[in-house]
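Student: Everything in the sequence shown is counted per our numbering, starting at 12 for the first residue and increasing by one.
Where is the CB? At the ideal position from N, CA and C, for every residue including glycine.
Note that the coordinates shown come from a computational prediction; the quantities given were computed from them, not determined experimentally.
Below you'll find the structure I mean.
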Amino acid sequence: MSLQVPVCFCIFNRPDTTERVFAQIRNARPSRLLVVGDGPRADRPGEHELVEQCRQLIRVDWPCHVETLFAESNLGCARRMASGLTWAFGRSERLIILEDDCLPDPTFFRFCEGLLERYAGQSEVMMISGDNFRRLDDWPASYYFSRWGHIWGWASWRRAWDHYRLDIPDWPGFRDGGGLDRLLGDRRQSEYWTSVMDTVHRGRIDTWDYSWQLAIFRAGGLVALPNENLVSNIGHDPRATHTTDANCRFARLPVRPLESIVHPTRIERHEAADSWTFENLFRPAPVAPLPESRRKRWWHRHRVRLRGIG
């Protein structure tokens, strides 16, 4: 039986990882496939050929409606992902989203499909992720709710993506009005995310996912996280835009299937799990008084660790 929720597959210039992820998509046999691709950079010799190889790998041999959005020239990570996802959500109320380095376990697709249906009418649930960085051994359900929007394989609804703005124009008002302080209720977390969002608002980091995290924050949204890791990031190497450290402890995490789903009894954030995530996956960010040169050095050191986890 084919997957009924459309899959949005985001590709660029890595044929080897693209081929592996697409093989899993082919096995899931979605009835609709939306493919988003960035264009080659003019100053990178040979990248045009790599981009074209990736696009040629998308060969559908099952009953499936395919749509593509391929950029002729390079838009960059932030603009391509943001515009591509907005295009895709304009074509479907629900999406399962995979980038070309996010290799899913086969059960990832059914997990997403089931929760997309179950929580379709629950506006506080804004996202379903396939990522688990620490299993909760004493947790009786198959997933729990978090405020952290991990994006290495995820799913969502158009109603949630409607909150998204890449350039976060309302961030200064939300920050100065104490919105983040009230939401997080923790000075260290508030300082961390304030520094992150200030950097995004100034346009000093080329990524799209922090803006999505802010959208979740502002809407008071929750994210369903599986209690088994369902997606492995296989793209930690020098070719990556952000995840360039091949020795990163989050690289190539093993996956375990989620054969059946036990639902939590309540839609309620797991505060202890979220606290662990902040303490172990994030690092204290520099606050505004740091000189510009030190802020830039901090982002250069930590962008691999941060991007895609928060």
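(1) To which residues of the same chain is Arg105 closer than 8 angstroms at the C-beta, ignoring the five residues directly before and after it?
(2) My output table needs one value for Thr218: the three-state DSSP class, helix, strand or coil.
(3) Alpha carbon to alpha carbon, how far is Ile179 from Met208?
(4) Between the C-alpha atoms of Gly164 and Ile278, what's the straight-line distance to the nearest angstrom?
(5) Please identify the residue among Asn244, Pro275, Cys75 whose C-alpha is closest to the C-alpha of Ser13.
(6) Would you report the Cα separation of Asp111 and Arg129, rounded to the nearest angstrom?
(7) In angstroms, rounded to a whole number, what distance separates the CA positions of Pro56 and Ile69?
(8) Going by C-alpha to C-alpha distance, which of Val77, Asn24, Asn85, Met92 sits closest to Ser222?
(9) Out of Pro117, Arg176, Pro265, which has the shortest C-alpha to C-alpha gap to Val211?
(10) For the alpha helix (DSSP H) containing Trp330, name the first residue and the last one.
(11) Can you give the beta carbon distance from Gly50 to Asn85, rounded, assuming they're within the 8 angstroms contact cut?
(12) Is Leu236 closer than 7 angstroms to Tyr155 when the C-beta atoms are compared?
Tutor: Looking at the coordinates:
(1) Val16, Pro17, Leu127, Ala131, Ala166, Ser167, Trp168, Arg169
(2) coil
(3) 8 angstroms
(4) 21 angstroms
(5) Cys75
(6) 27 angstroms
(7) 23 angstroms
(8) Met92
(9) Arg176
(10) Given that the chain is displayed from residue 12 to residue 321, the structure contains no residue 330 and the question cannot be resolved.
(11) 5 angstroms
(12) yes
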